[in-house]
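Using full-length UniProt numbering, the letters of the sequence shown correspond one by one to residues 1 to 363. For glycine and all other residues, C-beta sits at the position ideal for the given N, C-alpha and C. Accompanying notes for the structure given below.
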Amino acid sequence: MNQNINILNNLNPKINLLDLNYAEMQDFIVSLGAKKFSAQQIMRWIYKHNCSDFDQMLNLKKTIRNELKKESYIFSPKFTEEQISNDGTIKWITSLGDQKIETVYIPDKKRSTICISSQVGCSLKCKFCATGEKGFNRNLKVSEIISQVWEANKILKQKKIEKSITNIVFMGMGEPLLNLKNVVSALKIILDKNGFNLSKHRVTLSTVGIAPAIDKLIDMVDIGLAISLHAPTDIIRNSIIPINKKYNISLFLNSVSRYLKKSKANRGGVTIEYVMLSGVNDSNKNAFELSNILKKVPSKINLIPWNPFLNSSFTCSDIERINIFANILRKKGFTTTIRKNRGQDINAACGQLTGNIIAHIKN
Numbered sequence: 001m002n003q004n005i006n007i008l009n010n011l012n013p014k015i016n017l018l019d020l021n022y023a024e025m026q027d028f029i030v031s032l033g034a035k036k037f038s039a040q041q042i043m044r045w046i047y048k049h050n051c052s053d054f055d056q057m058l059n060l061k062k063t064i065r066n067e068l069k070k071e072s073y074i075f076s077p078k079f080t081e082e083q084i085s086n087d088g089t090i091k092w093i094t095s096l097g098d099q100k101i102e103t104v105y106i107p108d109k110k111r112s113t114i115c116i117s118s119q120v121g122c123s124l125k126c127k128f129c130a131t132g133e134k135g136f137n138r139n140l141k142v143s144e145i146i147s148q149v150w151e152a153n154k155i156l157k158q159k160k161i162e163k164s165i166t167n168i169v170f171m172g173m174g175e176p177l178l179n180l181k182n183v184v185s186a187l188k189i190i191l192d193k194n195g196f197n198l199s200k201h202r203v204t205l206s207t208v209g210i211a212p213a214i215d216k217l218i219d220m221v222d223i224g225l226a227i228s229l230h231a232p233t234d235i236i237r238n239s240i241i242p243i244n245k246k247y248n249i250s251l252f253l254n255s256v257s258r259y260l261k262k263s264k265a266n267r268g269g270v271t272i273e274y275v276m277l278s279g280v281n282d283s284n285k286n287a288f289e290l291s292n293i294l295k296k297v298p299s300k301i302n303l304i305p306w307n308p309f310l311n312s313s314f315t316c317s318d319i320e321r322i323n324i325f326a327n328i329l330r331k332k333g334f335t336t337t338i339r340k341n342r343g344q345d346i347n348a349a350c351g352q353l354t355g356n357i358i359a360h361i362k363n
């Protein structure tokens with residue numbers, strides 16, 4: 001029996017099946033005396049039909065359904081609060097006891113993206129990010145990560161929004177690579193044909209630069225990688241991203257390059273996320289420095305207008321400065337875009353997630 005299953009059994013007499021990826025589900029179902037193929041049937045009921053009732057899984061033998069009831073359950077924490085932006089972005093809160101996480105749905109013409117959280121809060125304390133200012137509580141379980149997608153699918157159907165989720169980004173609360181084991185297991189469910197069945201080209205993990213974890217990730221799962229760089233020099237990055245003092249730009253980019261050599265998901269190179277902070281990292285000199293450090297890293301650059309939050313001392317670079325910065329990078333041969341601010345009016349934009357909104361979902 002899989003070691004993970006043993007651990008779960010020791011902690012809880014019943015197992016939440018949303019905590020199990022396909023390989024773990026097979027181990028679990030075999031431990032109940034069933035055939036491995038039953039795992040496929042169960043996964044499809046859960047992820048294709050949003051089913052949490054074993055009695056509805058009629059293609060399973062009744063004896064297996066009875067065993068499942070004895071040894072397991074299917075529980076997804078519900079969205080308890082909702083707020084809708086003027087631009088159609090939806091922010092949901094999940095209450096986990098006295099703790100809260102945020103999930104953001106971003107509709108667009110050609111895609112429908114859900115931004116999910118991997119931790120309650122964040123320990124990295126990036127100076128320009130409201131989540132980091134909030135502090136860290138704990139890592140999310142696999143089920144708590146997966147439930148964000150599961151519940152979003154249900155809510156979108158209830159709202160009769162026909163466009164299904166096409167993209168998933170791990171860009172919500174927390175640093176995904178500091179919850180590596182659970183995030184990878186969740187990613188396997190997202191990618192599995194019996195799970196959410198998304199292409200590796202439509203799933204992106206954003207990291208601020210946990211270099212050893214990127215090296216581990218290479219051999220665990222292949223997905224799109226976005227790196228929160230935000231500075232062209234260690235001096236600047238140290239001042240706004242404290243973890244850079246441990247894993248500097250060189251270490252970070254070297255681990256990214258190693259990932260790209262094995263990855264098939266990052267066909268156009270890694271996405272460089274670069275928040276524009278007035279007077280901090282947005283000068284012409286900074287643009288040239290950025291192009292210099294990235295010249296050996298296949299990449300596309302996404303400039304992010306900084307989103308304000310309470311008591312922050314930063315200001316966003318004005319649009320003229322951002323355009324000048326972008327044009328320098330383009331002339332250096334980099335594909336460079338300027339991110340649209342989505343959900344800023346409900347504090348759902350990049351760097352604004354703290355678990356605080358007012359409006360409640362109406363049943």
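For residue i: DSSP bridge partner residues
i           : result
residue 115 : 104 and 169
residue 79  : 94
residue 305 : 276
residue 270 : 299
residue 138 : 120
residue 204 : 169 and 224
residue 337 : 302
residue 99  : 96
residue 316 : 277
residue 364 : A query on residue 364 cannot be resolved here, the shown segment of the chain reaching from 1 to 363 and no further.
Rounded C-alpha distance that separates residue i from residue j
i           : j           : result
residue 114 : residue 165 : 7 angstroms
residue 15  : residue 73  : 6 angstroms
residue 297 : residue 314 : 29 angstroms
residue 242 : residue 64  : 51 angstroms
residue 33  : residue 27  : 10 angstroms
residue 80  : residue 67  : 31 angstroms
residue 240 : residue 217 : 25 angstroms
residue 160 : residue 153 : 11 angstroms
residue 209 : residue 260 : 15 angstroms
residue 316 : residue 130 : 14 angstroms
residue 97  : residue 135 : 17 angstroms
residue 221 : residue 137 : 26 angstroms
residue 319 : residue 300 : 20 angstroms
residue 341 : residue 13  : 46 angstroms
residue 75  : residue 116 : 18 angstroms
residue 308 : residue 56  : 47 angstroms
residue 269 : residue 58  : 45 angstroms
residue 325 : residue 302 : 11 angstroms
residue 139 : residue 175 : 9 angstroms
residue 169 : residue 265 : 14 angstroms
residue 305 : residue 133 : 19 angstroms
residue 94  : residue 105 : 14 angstroms
residue 181 : residue 286 : 36 angstroms
Given residue i as reference, the closest of the options once Cα atoms are compared
i           : options               : result
residue 197 : 26, 49 and 100        : 49
residue 237 : 203, 320, 185 and 277 : 277
residue 71  : 82, 266 and 25        : 25
residue 173 : 310, 120, 219 and 294 : 120
residue 141 : 105, 156, 104 and 185 : 185
residue 35  : 123, 329, 61 and 126  : 61
residue 77  : 145, 262 and 326      : 145
residue 23  : 194, 89, 105 and 53   : 194
residue 323 : 338, 312 and 310      : 338
residue 235 : 226, 157 and 249      : 249
residue 281 : 128, 207 and 245      : 128
residue 19  : 147, 38, 258 and 262  : 147
residue 295 : 284, 312, 311 and 329 : 329
Reduced DSSP category for residue i - H, G, I as helix; E, B as strand; rest coil
i           : result
residue 84  : strand
residue 23  : helix
residue 73  : strand
residue 240 : helix
residue 194 : coil
residue 50  : coil
residue 259 : helix
residue 248 : coil
residue 254 : helix
residue 294 : coil
residue 38  : helix
residue 33  : coil
residue 359 : Here residue 359 scores only 37 on pLDDT, less than 50, and its place in the model is too uncertain to base an answer on.
Does the region 100 to 111 come close enough to the region 38 to 45 to have 3 or more Cβ pairs within less than 8 angstroms?
no
Mind the definition here: the region 267 to 276 touches the region 223 to 236 only if three or more C-beta pairs lie below 8 angstroms; say whether that holds.
yes
Using a Cβ distance threshold of 8 angstroms, determine whether the region 330 to 338 contacts the region 291 to 311, with at least three qualifying pairs required.
yes
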